[in-house]
Amino acid sequence: MSENKKVRVRFAPSPTGGLHLGGVRTVLFNYLFARQQGGDFILRIEDTDQSRYVDGAEQYIFDCLEWCGLIPDESAKVGGPFAPYRQSERKSTYRQYAEQLVQDGYAYYAFDSTSELEAQRSQFPNFRYGHENRHLLNNSLNLSAAEVASRLQQNIPHVIRIKIPVDDTVTFTDLIRGEVSFDTNLVDDKVLLKADGMPTYHLAVVVDDYLMKISHAFRGEEWLPSAPIHILLWEYLGWKADMPKWVHLPLILKPEGNGKLSKRDGDRLGFPVYAMNWTDPKSGDITRGFREMGFLPEAFINMLALLGWNDGTEQEIFTMDELIAKFSIDRVSRSGAKFDFEKAKWFNHEYIKKADTASLKPQILSILKEKQIEIADNYYLDKVIAIVKDRLTFLQDFWEQSSFFFQQPVEYDLNSVKPKWSDVKTDFFNSLIGIFAGLQNASSAELEAQFKKLAEEKAIKVGEVMLPFRIMLVGGKFGPAVFDIAQLIGLQETTKRIETALKAFTG
Ligand code: GLU
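If you're matching positions, the sequence shown starts at 6 in my numbering and goes up one per residue.
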C-alpha cells in the first residue's frame with residue numbers, strides 16, 4: 006500500500022440476524038479511526054450468501070448504527086462514489102476476477118456434485134478439498150482442456166476454487182498482532198465463485214476492499230483463519246501493493262473468560278448481547294438488546310471502547326470527541342476482553358447521572374405516559390429528574406424510583422412501622438401537620454429544622470419518626486432525601502399524605 010493512501014475503512018456485516026456487541030465495537034473502532042485520520046467510513050452489506058439472508062436484518066443494522074450515532078459516510082442508504090454498497094448488487098463484478106484467477110493458474114473449475122462431495126465426506130470424516138485430494142476429484146486440474154470447455158459450454162454446474170499452494174507459508178503483518186504466519190498445507194481450497202454465480206465471502210471481500218480502496222481492514226479475530234486465503238488472493242490478483250493493513254480485533258469473551266461471548270451466554274446470564282432488540286422474522290422470537298434494556302447509546306459506546314482498548318491511564322469515561330482524539334491501534338490489546346455486565350451497568354449509571362435533564366426528558370415522558378401520568382408542570386418534572394437521576398442504573402428504573410412524586414404511595418411498608426407505633430408518634434405527626442400548615446415556600450432545610458425542633462419538644466428521637474415520615478411520603482424505605490421530597494411535592498400534599506398514612510399505620 007502506498008504510504009499516503011487516504012484512510013478508508015469499512016464495516017462489512019452479513020445481514021443474518023441481530024448485531025452482536027462485538028460487531029458494534031468493530032464499527033466503533035472503524036469510526037474512531039476514520040474520524041481521527043480524516044478518512045472515510047464505509048458500510049458494505051455482504052449479502053452474497055442467499056441461504057443465510059434474513060429479512061429485515063439489513064435495516065436493523067442501519068438502525069443500530071443510527072442509535073449509536075456511528076453514521077457511515079458511504080453506504081447502501083446514502084450512496085457514495087463506489088456504489089453499489091450491497092454485494093448482491095455487485096454480482097456481475099466478481100466473475101471476471103474468478104475467471105482471471107483460473108486463467109492465471111491460481112484457481113480451477115470444480116464440477117463435483119453435491120452427492121459426490123457427500124460421498125467423500127462420508128468416506129473421509131475430515132474431508133477437506135485441497136492439495137491432498139484435488140488431483141483425484143472432479144475438477145479442471147484433472148480433466149482435459151476440451152472436456153472442461155465442453156462442460157462450461159453446456160453450463161454444467163460448477164464452482165471456482167482457489168488453488169492453495171503446497172508446503173508454503175503465508176505471512177502478513179497485523180497491526181495488533183505483529184507478524185502472523187500460516188502453513189498453507191492447513192488451508193483448504195475454498196470456493197470463490199458458487200454454482201449460482203454468486204461470489205463467496207472470500208472473493209467478494211477482497212475484490213470489494215480493492216475496488217473500494219480500503220486502507221485498513223478492521224475485523225474480529227474470528228476472521229484470522231480466513232486471512233491467508235485473502236492475502237493469497239490479493240497477491241494472485243496482482244493487487245498486493247494496494248492491500249489494506251490488517252487489524253484483527255480481540256474477541257469479546259464470556260464473563261468467565263473462556264470462549265467468545267455468545268447470544269446464548271446472554272440468555273443464560275440474563276443480559277443482552279445485541280445492540281437493539283432483534284425479532285426473528287420466522288419464529289417471532291425477540292432477543293433483547295442494550296437499547297431496550299435502558300442503555301444510553303453514549304454509555305454503550307463508552308463501555309465498548311474499553312473492551313480491548315484503553316488510553317494507558319485510569320480514565321474510563323470518555324466523550325466521543327475524546328475517543329476520536331485518543332484512539333490508537335497500538336493500544337488495542339491482543340488478548341480477548343472479558344465482558345462484565347456489572348461494569349456495563351456502571352457506565353450507564355454514570356451517564357444518566359451526568360446527563361442533562363433535558364436530554365433524558367423525552368424518554369422519561371414516554372415512561373410517564375405509559376403510567377398514564379399527565380405532566381402539567383414541566384418545571385416540577387425537571388426537578389424530579391434532577392433529584393432522581395443519581396439513583397438510576399437504567400431509565401426504566403425511573404418510575405420505581407419516583408412514582409411517589411406523581412401519586413400517593415399505593416401501599417406502605419407497614420411491617421417497618423406498625424410494630425413500633427405509639428400514641429406519641431401519632432401526636433408528633435398531628436402536630437407536624439399543624440406546623441406545616443403554617444409554613445409557606447419553606448426550603449427543605451427549614452422543613453428539616455422544624456421537624457427536628459418538634460421532635461425535641463415532644464422528647465422523641467428524630468430517628469424514630471424519620472423512617473415513618475419517609476414511608477408516609479414514599480411508601481417504603483427508599484428515595485432521595487425525605488425533606489427534599491416534602492419540599493418538592495409541596496406542604497399541602499405532604500400533610501395530606503401524613504393524614505392518609507396515619508390512618509393506615511394506626512388502623
Ligand atoms: N462479512 C463478514 C462478516 O460478516 C466481514 C468480515 C470482514 O470484515 O472481512 O463479519
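Just so you know, even glycine gets a beta-carbon here, dropped at the ideal spot from N, CA and C.
Residue j beta carbon less than 7 Å from that of residue i
{"i": "tyrosine 241", "j": "tyrosine 111", "result": "yes"}
{"i": "phenylalanine 441", "j": "leucine 507", "result": "no"}
{"i": "cysteine 73", "j": "isoleucine 390", "result": "no"}
{"i": "valine 467", "j": "lysine 457", "result": "yes"}
{"i": "serine 338", "j": "glycine 313", "result": "yes"}
{"i": "leucine 197", "j": "isoleucine 165", "result": "yes"}
{"i": "glycine 23", "j": "tryptophan 283", "result": "yes"}
{"i": "aspartate 1", "j": "isoleucine 236", "result": "Residue 1 is absent from the structure shown; the chain starts at 6 and stops at 512."}
{"i": "proline 260", "j": "phenylalanine 129", "result": "no"}
{"i": "phenylalanine 488", "j": "glutamate 453", "result": "yes"}
{"i": "leucine 48", "j": "serine 93", "result": "no"}
{"i": "alanine 342", "j": "isoleucine 257", "result": "yes"}
{"i": "phenylalanine 187", "j": "proline 233", "result": "yes"}
{"i": "tyrosine 356", "j": "alanine 304", "result": "yes"}
{"i": "isoleucine 514", "j": "valine 252", "result": "A query on residue 514 cannot be resolved here, the shown segment of the chain reaching from 6 to 512 and no further."}
{"i": "serine 407", "j": "valine 393", "result": "yes"}
{"i": "glycine 275", "j": "leucine 254", "result": "no"}
{"i": "threonine 21", "j": "valine 59", "result": "yes"}
Coarse secondary structure for residue i, derived from DSSP in three states
{"i": "phenylalanine 223", "result": "strand"}
{"i": "lysine 343", "result": "strand"}
{"i": "phenylalanine 433", "result": "helix"}
{"i": "glycine 135", "result": "coil"}
{"i": "phenylalanine 46", "result": "strand"}
{"i": "histidine 25", "result": "strand"}
{"i": "aspartate 188", "result": "strand"}
{"i": "threonine 174", "result": "strand"}
{"i": "glutamate 321", "result": "coil"}
{"i": "proline 204", "result": "strand"}
{"i": "tyrosine 58", "result": "coil"}
{"i": "isoleucine 494", "result": "helix"}
{"i": "valine 83", "result": "coil"}
{"i": "valine 12", "result": "coil"}
{"i": "serine 7", "result": "Reliability fails at serine 7, whose pLDDT of 47 lies under 50, so the model's placement of it is uncertain and no value is given."}
{"i": "arginine 91", "result": "strand"}
Own chain residues within Cβ distance below 8 Å of residue i, not counting five before or after
{"i": "methionine 6", "result": "Because methionine 6 sits at a pLDDT of 46, beneath the cut-off of 50, its placement in the model cannot be relied upon, and the following sentence gives the value as read from the coordinates. Cβ within range, chain order: Ser220, Ala246, Asp247, Met248, Pro249, Lys250."}
{"i": "aspartate 432", "result": "Lys463"}
{"i": "isoleucine 161", "result": "Phe116"}
{"i": "glycine 480", "result": "Phe409, Pro414, Val415, Glu416, Tyr417, Asp418"}
{"i": "serine 267", "result": "Lys259, Val278"}
Residues of its chain near residue i, where Cβ-Cβ distance is below 6 Å and the 5 sequence neighbours each way are ignored
{"i": "lysine 218", "result": "Arg13"}
{"i": "glycine 271", "result": "Pro277, Val278"}
Cβ-heavy atom distance, residue i to ligand 3, below 6 Å
{"i": "arginine 224", "result": "The ligand content of the structure shown is limited to ligand 1, which means ligand 3 is not among them."}
7 Å Cβ shell around residue i - same chain, five flanking residues per side excluded
{"i": "alanine 39", "result": "Val12, Val14, Asp45, Phe46"}
{"i": "isoleucine 322", "result": "Asn307, Glu355"}
Handout entry: 4 or more residues per run - each alpha helix (DSSP H) lying fully within the region 372 to 443
Key = List check, alpha helix (DSSP H) in window: 383 to 393, 402 to 407, 428 to 442.
Exercise for the section: Report the residue ranges of all alpha helix (DSSP H) runs contained in full by the region 220 to 291; include only those spanning at least 4 residues, in chain order. Expected result: The qualifying runs are 232 to 241, 268 to 274.
Handout entry: Contact the region 343 to 363 vs the region 302 to 320: 3+ CB pairs below 8 Å
Key = Touching, per the Cβ criterion.
Practice task
Say whether the region 55 to 72 touches the region 24 to 41, bearing in mind that this needs 3 or more beta-carbon pairs closer than 8 Å, one atom from each stretch.
Solution key: Taking one beta carbon from each stretch, the region 55 to 72 and the region 24 to 41 have 3 or more pairs nearer than 8 Å; the two touch.
Problem - Segments assigned beta strand (DSSP E), at least 3 residues, entirely inside the region 103 to 162 - result: For the region 103 to 162, the continuous beta strand (DSSP E) assignments of 3+ residues that do not extend past its boundaries occur at 112 to 115, in sequence order.
Problem - Cβ pair count under 8 Å reaching 3, the region 137 to 153 against the region 84 to 98 - result: Segments in contact, no.
Problem - In chain order, each alpha helix (DSSP H) run of at least 4 residues that lies wholly inside the region 441 to 466 - result: Correct list: 449 to 462.
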